[in-house]
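Student: Residue numbers (our numbering): 54 to 314.
Ideal placement from N, C-alpha and C gives every residue a C-beta, glycine not left out.
Handing you a structure now.
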Amino acid sequence: MSDIQTQREVLRHTAKRMAIAVSLTAVMTLATVTLQLGTDLDAVVRVGHVLTLSLCAAIAISAFLSGALSYRSALLMKELTLTRAELFRISRTDKLTGLLNRRGFDEAAAVALQSAHAAKRPVAAMMCVIDHFKAINDHYGHEFGDRVLVNFGEALQALAADNELLVARYGGEEFAVLAVGITEQQAAILGEALRQGCCARDVVDEDNSARVTISIGLAAPGGVARLSQLMRVADEALYMAKRQGRNCVARAIAVSDSLAA
């Protein structure tokens with residue numbers, strides 16, 4: 054299947070297909086008439102026989118051509134659908150970690166949050182950041198920094214798989230988590246498990262090894278909250294974790310009041 058990008062190519066493609074259709078019609082009609090009536094041009098035949106034969110030939114040729122064109126059209130539609138689906142996935146996925154990016158997270162989280170509110174299920178959000186990430190990049194290089202991001206992304210994916218969480222790389226060294234159906238206390242336990250798991254193992258590549266820590270801000274509203282409000286409060290809690298010395302889980306204070314503001 055060749056690429057068609059200009060109007061001239063569209064016209065050329067259409068003309069070529071029309072020529073093929075006309076040629077096939079002529080060849081198939083001639084072959085059908087020849088098989089039925091013979092090659093004697095002076096032979097006498099009944100008009101009804103000719104009309105019936107012509108009608109059958111037209112139907113057969115039309116069915117063949119429309120079937121072939123429909124099949125090709127279906128293949129093109131399938132290819133277009135798959136391409137659109139892949140582009141949709143790419144536009145919402147972080148290339149480095151394989152997690153959702155911010156756009157993908159916001160869309161999926163908004164739907165999950167709406168369903169949770171309708172079912173009156175509790176929700177919790179976490180904002181996570183890799184501590185001193187700029188210093189890691191400066192000291193070990195950006196390739197090692199990418200390894201740190203990938204490792205943390207893998208830790209988040211493992212946590213999400215075990216606890217049905219929505220996780221994403223929110224931007225830079227920041228990651229977002231949305232949990233539905235768990236209490237604030239349960240979310241805090243998950244956050245602490247994530248923090249301990251990350252700081253308990255070294256990030257290693259061929260030339261370097263480093264112990265990396267993370268800071269987590271947790272928000273768990275008591276009532277209905279929009280996603281933007283929820284993530285803002287989680288971000289405020291993250292700044293609290295940084296002020297407390299990093300490498301900890303900080304819970305938002307007066308979440309309901311903050312969301313109402």
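Would the stretch 228-237 and the stretch 249-265 be scored as touching if the rule is three or more Cβ pairs under 8 Å?
Tutor: no
Student: Please check if any C-beta of chain B sits within less than 8 Å of the C-beta of Phe-158.
Tutor: In the structure shown, chain B cannot be found, because there is only a single protein chain.
Student: How big is the Cα-Cα spacing for Asp-199 and Gln-210?
Tutor: Within the sequence shown, residue 199 is the residue found at index 146, counting from 1. Within the sequence shown, residue 210 is the residue found at index 157, counting from 1. Spanning the two alpha carbons is a distance of roughly 16 Å.
Student: Please classify Thr-266: does DSSP put it in a helix, a strand, or coil?
Tutor: Indexing the sequence shown from 1 puts residue 266 at position 213. Of the three classes helix, strand and coil, the one that applies to Thr-266 here is coil, per DSSP.
Student: Could you name the residues of the same chain whose beta carbon sits closer than 8 Å to that of Leu-271, not counting the 5 residues immediately before and after it, in chain order?
Tutor: One-based indexing of the sequence shown puts residue 271 at position 218. Apart from sequence neighbours up to five positions away, the residues of its chain that approach Leu-271 with a beta-carbon distance below 8 Å are Ala-177, Ala-178, Met-179, Glu-237, Ala-240, Ala-241, Gly-244, Ala-287, Ala-290, Val-302, Ala-303, Arg-304, Ala-305, ordered along the chain.
Student: Helix, strand or coil for Asp-215? Go by DSSP, reduced to three states.
Tutor: Counting from one through the sequence shown, the residue named residue 215 turns up at place 162. Helix at Asp-215.
Student: What are the boundary residues of the beta strand (DSSP E) that includes Glu-227?
Tutor: Residue mapping note: residue 227 aligns to position 174 of the sequence shown, counting from 1. Segment 227-233, the beta strand (DSSP E) holding Glu-227.
Student: Are there 16 or more other CB atoms within 10 angstroms of the CB of Cys-251, so buried, or fewer, so exposed?
Tutor: Stepping through the sequence shown from its first residue, residue 251 is reached at position 198. Its Cβ being crowded by 16 or more others within 10 Å, Cys-251 is buried.
Student: Nearest to Leu-140 by CA position, among Ala-127, Leu-166, Gly-157, Thr-150, is which residue?
Tutor: Indexing the sequence shown from 1 puts residue 140 at position 87. Leu-140 has its Cα closest to that of Gly-157, out of Ala-127, Leu-166, Gly-157, Thr-150.
Student: Using 10 angstroms around the beta-carbon of Gly-206, count the other beta-carbons present and answer buried if the total reaches 16, otherwise exposed.
Tutor: Numbered from its first residue, the sequence shown carries residue 206 at position 153. With 16 or more other Cβ atoms within 10 Å, it is buried.
Student: Using only CA atoms, which one of Val-63, Gly-298, Leu-135 lies nearest to Phe-185?
Tutor: Position 132 of the sequence shown, counting from 1, holds the residue named residue 185. Before going further, note that residue 185 is His rather than Phe in the sequence given. Per the Cα distances, Gly-298.
Student: Would DSSP call Arg-222 helix, strand or coil?
Tutor: On the sequence shown, residue 222 is found 169 positions in, with the first residue counted as 1. In this structure, Arg-222 counts as strand in the three-state DSSP scheme.
Student: Between the Cα of Ser-76 and the Cα atoms of Tyr-223, Leu-118, Ala-263, Asn-204, which residue gives the shortest distance?
Tutor: Sequence index remark: in the sequence shown, residue 76 carries index 23 (1-based). Of the listed residues, the one whose Cα sits closest to Ser-76 is Leu-118.
Student: So what does DSSP say about Cys-252, is it helix, strand or coil?
Tutor: As a first step, residue 252 is located in the sequence shown; it is residue number 199 there, counting from the start. Helix at Cys-252.
Student: I'd like to confirm something about Met-81: is its beta-carbon nearer than 7 Å to some heavy atom of the ligand COA, or not?
Tutor: Looking at this structure, you won't find the ligand COA or any other ligand, since it has none at all.
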